[in-house]
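See structure below.
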Amino acid sequence: MKLKNKWPKYYKKDVVTHYCPGCGHGIVHRLVAELMEELDVGKRAICVNPAGCAVLAYKYFDIDMLESAHGRGTAMATGIKRARPDLFVFTYQGDGDLSAIGTAETIHSANRGEHISVIFINNAVYGMTGGQMAPTTLLGMKTTTTPSGRNPGYDGYPLHITDVVATFPGVIYAERVAVDGPAGIQKTKRAIRNAFQTQIDGLGYSIVEVLSACPTNWKMTPAQSFKWITEVMTTEFPLGVLADRRKKG
1 MKLKNKWPKY
11 YKKDVVTHYC
21 PGCGHGIVHR
31 LVAELMEELD
41 VGKRAICVNP
51 AGCAVLAYKY
61 FDIDMLESAH
71 GRGTAMATGI
81 KRARPDLFVF
91 TYQGDGDLSA
101 IGTAETIHSA
111 NRGEHISVIF
121 INNAVYGMTG
131 GQMAPTTLLG
141 MKTTTTPSGR
151 NPGYDGYPLH
161 ITDVVATFPG
171 VIYAERVAVD
181 GPAGIQKTKR
191 AIRNAFQTQI
201 DGLGYSIVEV
211 LSACPTNWKM
221 TPAQSFKWIT
231 EVMTTEFPLG
241 VLADRRKKG
């Protein structure tokens, strides 16, 4: 007997994925689709997707999607939300998109407290274009452009951009989570729910950074990748709530 999945009924297309085995994008896509249904925002949602592996996110979400130029996701989302404040607007961006070419857009949209939600997938590498060093690449981590490992004297240090924007008064909610196992996935869903609810309540800018596996470019199995997130990646990027300025009581 074929079992029917309860979630998500409407906002996730039933198609074959192009993502590599063990990639975290598919997990986060599922969570986003579930939450759009649970929070009843899918019919008025617009997602701005990035350059990179998630450039094809429109194949998986059955909502209105727009493609931004590389790194300009929050700028485009700002324009949409200001023109149509009744819409639910979020971006879905990787570390190369959000924290490299999109650094200025990310920082200034956060500093203005734009009423958008940002989902930031951090896998510490450029996934789609061949595994080059990203701003979030860890010290000593080998990539195609750092074959001997990231050297701080030459390459600088990993960029903690979520920690930076979390200090801005206009950033109402910021959290870092990881899809490294069932418990982490559940925490990721709660964090994205909080971020989405922040926008629904009209409070301001929200961002969730998700530590995610890239087994292909890390040259690991999926199981090894999840373990590496837990044991290595979280030491550089500690998990937890970085800012919560929602009204209490």
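No gaps in the numbering here: position 169 of the sequence shown is 169 in this note's numbering, and each next residue is one more. All residues carry an ideal CB built from backbone N, CA and C; glycine is no exception.
Could you confirm whether any beta carbon from chain D is found closer than 8 Å to the beta carbon of residue 163?
The question asks about chain D, but that chain is absent: this structure has only one protein chain.
With three or more C-beta pairs closer than 8 Å as the rule, is the segment 23-36 touching the segment 232-239?
no
Identify, in the order they occur along the chain, each residue of the same chain with its Cβ nearer than 8 Å to the Cβ of residue 13, setting aside the five sequence neighbours on each side.
Within the sequence shown, the letter at position 13 stands for residue 13. Only 59, 60, 61 and 62 meet the Cβ criterion.
From the DSSP secondary-structure annotation, give me the bridge partner or partners of residue 209.
For the purposes of this step, residue 209 is taken as residue 209 along the sequence shown, with counting starting at 1. Under DSSP, residue 209 shares a beta bridge with 120 and 176.
If you draw a straight line from the C-alpha of residue 23 to the C-alpha of residue 220, how long is it?
To locate residue 23, count along the sequence shown from 1; it is residue 23. To locate residue 220, count along the sequence shown from 1; it is residue 220. In a straight line, the C-alpha of residue 23 is about 11 Å away from that of residue 220.
Looking only at its chain, what residues have a beta carbon closer than 6 Å to the beta carbon of residue 245, apart from the 5 residues adjacent to it on each side?
In the sequence shown, residue 245 corresponds to position 245, counting from 1. Same-chain partners within the cutoff: 172.
Below 8 Å CB to CB, which residues in the same chain sit around residue 225 once its five sequence neighbours on both sides are set aside?
By one-based count along the sequence shown, residue 225 stands at place 225. Counting only Cβ-Cβ distances below 8 Å, and skipping sequence neighbours, we find 22, 213, 214, 215 and 218.
Would the segment 189-209 count as touching the segment 112-128 if we require 3 or more Cβ pairs under 8 Å?
yes
Please report the Cβ distance between residue 243 and residue 174, rounded to the nearest whole angstrom; I am assuming they are in contact, meaning their Cβ atoms lie under 8 Å.
Here residue 243 refers to the residue found at position 243 of the sequence shown. Here residue 174 refers to the residue found at position 174 of the sequence shown. At roughly 4 Å, the Cβ-Cβ gap stays under 8 Å, so residue 243 and residue 174 are in contact.
Which runs of the alpha helix (DSSP H) at least 4 residues long sit entirely within the segment 126-165? Give them in chain order.
152-155
Give me the residue from 169, 27, 49 and 152 with the minimum Cα distance to residue 64.
Here residue 64 is taken as the residue at index 64 of the sequence shown, counted from 1. For residue 64, the nearest C-alpha among the options comes from 49.
Which same chain residues, not among the five before or five after residue 26, have their C-beta less than 7 Å away from its C-beta?
Mapped onto the sequence shown, residue 26 falls at position 26. Within the same chain, residue 26 has close Cβ partners 17 and 19.
Tell me which residue opens and which closes the beta strand (DSSP E) that residue 240 is part of.
One-based indexing of the sequence shown puts residue 240 at position 240. Residues 240-244.
Hey, how far is the Cα of residue 177 from the Cα of residue 190?
The residue given as residue 177 occupies position 177 in the sequence shown. The residue given as residue 190 occupies position 190 in the sequence shown. If you take the alpha carbons of residue 177 and residue 190, they lie about 10 Å apart.
Name the one or two DSSP bridge partners that residue 33 has.
Translated into positions along the sequence shown, residue 33 becomes position 33. DSSP lists no beta-bridge partner residue for residue 33.
When the Cβ atoms of the segment 67-81 are set against those of the segment 95-108, are three or more pairs found closer than 8 Å?
yes
Could you tell me if residue 182 is buried or exposed, where buried requires 16 or more neighbouring beta carbons within 10 angstroms of its beta carbon?
In the sequence shown, residue 182 corresponds to position 182, counting from 1. Exposed.
According to the neighbour-count rule (16 or more other Cβ atoms, all chains shown, within 10 Å of its Cβ), is residue 152 buried or exposed?
The residue labelled residue 152 in the question sits at position 152 within the sequence shown. Looking at its Cβ environment, which holds fewer than 16 other Cβ atoms inside 10 Å, residue 152 is exposed.
When you compare only the Cα positions, how much space is there between residue 39 and residue 117?
By 1-based counting over the sequence shown, the position of residue 39 is 39. By 1-based counting over the sequence shown, the position of residue 117 is 117. CA-to-CA, the gap between residue 39 and residue 117 works out to about 14 Å.
Using beta-carbon positions only, say whether residue 136 and residue 158 come within less than 8 Å of one another.
Along the sequence shown, one-based indexing puts residue 136 at 136. Along the sequence shown, one-based indexing puts residue 158 at 158. With respect to the 8 Å criterion, residue 136 and residue 158 are classified as neighbours on the basis of their beta carbons.
Going by the beta-carbon positions, is the gap between residue 51 and residue 29 smaller than 8 Å?
In the sequence shown, counting from the first residue as 1, residue 51 sits at position 51. In the sequence shown, counting from the first residue as 1, residue 29 sits at position 29. The answer is no: Cβ separation not under 8 Å.
Relative to the C-alpha of residue 42, which residue among 83, 90 and 67 is closest?
Within the sequence shown, the letter at position 42 stands for residue 42. Taking only the C-alpha atoms, the option nearest residue 42 is 90.
Relative to the C-alpha of residue 228, which residue among 114, 146, 141 and 198 is closest?
Counting from 1 along the sequence shown, the entry for residue 228 is found at position 228. Answer by Cα proximity: 141.
Quick check on residue 84: buried or exposed, where buried means 16 or more other Cβ atoms within 10 Å of its Cβ?
Start at 1 with the first residue of the sequence shown, and residue 84 comes out as number 84. By the 10 Å Cβ count, residue 84 comes out exposed.
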